[in-house]
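For the sequence shown, the working numbering assigns the number 80 to the initial residue and increments by one for each residue that follows.
The beta carbon of each residue, even a glycine, is placed where N, CA and C say it ideally should be.
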Amino acid sequence: MKHYLQFSDFTAEEYDYLLSRAALIKKKFKNYEKHHTLTDRTLAMIFEKASTRTRVSFEAGMYQLGGSVVHLTTGDSQLGRSEPIEDSARVISRMTDLVMIRTFGQEKIERFAAHSRVPVINGLTNEFHPCQILADIFTFIEHRGSIAGKVVAWVGDGNNMANTWLQAADLLGFTVHVSTPSGYEVDEKLAFGGKTPRPGCYKVFQDPLEACKGADLVTTDVWTSMGYEAENEIRMKAFADWCVDQEMMQAAKPDAVFMHCLPAHRGEEVTAEVIDGPQSVVWDEAENRMHVQKALMEYLLLGKLAD
Ligand code: CP
Ligand code: NVA
80 MKHYLQFSDF
90 TAEEYDYLLS
100 RAALIKKKFK
110 NYEKHHTLTD
120 RTLAMIFEKA
130 STRTRVSFEA
140 GMYQLGGSVV
150 HLTTGDSQLG
160 RSEPIEDSAR
170 VISRMTDLVM
180 IRTFGQEKIE
190 RFAAHSRVPV
200 INGLTNEFHP
210 CQILADIFTF
220 IEHRGSIAGK
230 VVAWVGDGNN
240 MANTWLQAAD
250 LLGFTVHVST
260 PSGYEVDEKL
270 AFGGKTPRPG
280 CYKVFQDPLE
290 ACKGADLVTT
300 DVWTSMGYEA
310 ENEIRMKAFA
320 DWCVDQEMMQ
330 AAKPDAVFMH
340 CLPAHRGEEV
350 TAEVIDGPQS
360 VVWDEAENRM
370 HVQKALMEYL
380 LLGKLAD
């Protein structure tokens, strides 16, 4: 049994399969063709943090595969009343076929997975957001072809998204140019689990404009992630120069695309001109969450499928 707790849980070969499977699933969806590979299967979705895209994409996706979903939050379940995570895992996984969790520390999802009878998917932790990067890579490929050998500029917080980009670059053969304010750097040990990454898979830049030079994809995220709200005021000051604007997009390649996992704050991490401009692919990126996650859920439950 496989779990999907971080991007590095799968091999490059598994990503080849998943990305092409997601393209097939998307095509069928667009043609209104039925694709009921998970009939009678149930996905439990556990949210300890807010969500729009993750909830809608998993819930709609599971219904489209012929299955059903159960939605739990900390506020309306015993999870918020200190039932041990191990006991919750044992119980929930006896009644459902698959579990998606959005929570705080990565160790929580790992403990859940260790006591689960069914595959567990990371729907965002403080450390990683693998489903989002899977969608981002799928979106890049749709717009520009293979991501191998390309340059992704990360402008902003060294957060869950940044860590996951690093794992993806290590595995799939591209480079991330990372520029964060000082004190908010990516943590190499965390991203690579203490292993030595592929040389050149990421490069650190102090100046965000330098990081964008020659990039094929420019991407950013909120200055204050969920769970860090108490630091908001101090972050607003620290991140003021890490706003993706037209000058940064012009430093990138002429055909560079802009991505943001959303929700976005126009005027903070990105200008309205960029996110609403011609290089932005953020709406495709959001939609693609659903298509890649349908491929992911199928894969975790049924393995590779031929049709
Ligand atoms: N990008 C993303 O995960 O969005 P939500 O927080 O709305 O799920
Ligand atoms: N880094 C953000 C992503 C939200 C989808 C957060 O963790 O809040």
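*Any chance the CB of C322 is under 8 Å from a heavy atom of the ligand NVA?*
In the sequence shown, the residue the question calls residue 322 occupies position 243. No - the ligand NVA has no heavy atom lying nearer than 8 Å to the Cβ of C322.
*Outcome for S99 when other beta-carbon atoms lying within 10 angstroms are tallied against a minimum of 16*: Taking the sequence shown and counting its residues from 1, one reaches residue 99 at position 20. Exposed, because fewer than 16 other Cβ atoms sit within 10 Å of the Cβ of S99.
*asked:* Can you check which of these residues, I171, K106, M80, N201, is closest to R134 by C-alpha distance?
replied: For the purposes of this step, residue 134 is identified with residue 55 of the sequence shown, where counting begins at 1. Checking every option, the nearest Cα to that of R134 belongs to N201.
*asked:* I'd like the list of long-range same chain contacts for C322, defined as Cβ closer than 7 Å, with 5 residues on each side in sequence excluded.
replied: As a working note, residue 322 is residue 243 in the sequence shown. Excluding positions up to five away in sequence, the list reads E347, E348, V349, T350.
*Since N242 is in the alpha helix (DSSP H), which residue starts that stretch and which ends it?*
Position 163 of the sequence shown holds residue 242. Unbroken alpha helix (DSSP H) run through N242: 239–251.
*DSSP state of L384, grouped into three classes?*
As a working note, residue 384 is residue 305 in the sequence shown. Here L384 sits in coil by DSSP.
*asked:* Can you list, in chain order, the residues of its chain with a C-beta nearer than 6 Å to that of A123? Leave out the 5 residues immediately preceding and following it.
replied: The residue given as residue 123 occupies position 44 in the sequence shown. Hits under 6 Å: V149, I171, T175, V178.
*Closer than 7 Å by C-beta to V197: which residues in its own chain qualify, once you throw out the five before and the five after it? Chain order, please.*
Taking the first residue of the sequence shown as 1, we reach residue 197 at position 118. Hits under 7 Å: S172, T175, D176, L177, V178.
_Range of the contiguous beta strand (DSSP E) that encloses N311_ = Numbered from its first residue, the sequence shown carries residue 311 at position 232. Judged by DSSP secondary structure, N311 falls outside any beta strand (DSSP E) and instead within the alpha helix (DSSP H) spanning 311–317.
*Rounded C-alpha distance that separates T116 from L144*: Counting from one through the sequence shown, the residue named residue 116 turns up at place 37. Counting from one through the sequence shown, the residue named residue 144 turns up at place 65. Taking the straight line joining both Cα atoms gives about 6 Å.
*With a cut-off of 8 Å on the beta carbons, I'd call S304 and D236 a contact; round off their distance for me.*
Translated into the one-based positions of the sequence shown, residue 304 becomes position 225. Translated into the one-based positions of the sequence shown, residue 236 becomes position 157. With 8 Å as the limit, S304 and D236 qualify as a contact, their Cβ atoms being about 7 Å apart.
*Which whole-angstrom value is the C-beta distance of C210 and D249, which I expect to be below 8 Å?*
Position 131 of the sequence shown, counted from the start, is the residue given in the question as residue 210. Position 170 of the sequence shown, counted from the start, is the residue given in the question as residue 249. The Cβ separation is near 18 Å, so there is no contact.
*Could you have a look at W302 and say whether DSSP puts it in helix, strand or coil?*
One-based indexing of the sequence shown puts residue 302 at position 223. Note: W302 maps to coil in three-state DSSP.
*In terms of DSSP beta bridges, what is S147 paired with?*
Against the sequence shown, residue 147 aligns to sequence position 68. Beta-bridge pairing links S147 to T121.
*Residue range of the alpha helix (DSSP H) that includes H222*: Translated into positions along the sequence shown, residue 222 becomes position 143. Boundaries of the alpha helix (DSSP H) harbouring H222: 209–223, taken from the DSSP string.
*Assigned secondary structure, A101 (DSSP; H/G/I helix, E/B strand, else coil)*: On the sequence shown, residue 101 is found 22 positions in, with the first residue counted as 1. Residue state, collapsed to three classes: helix.
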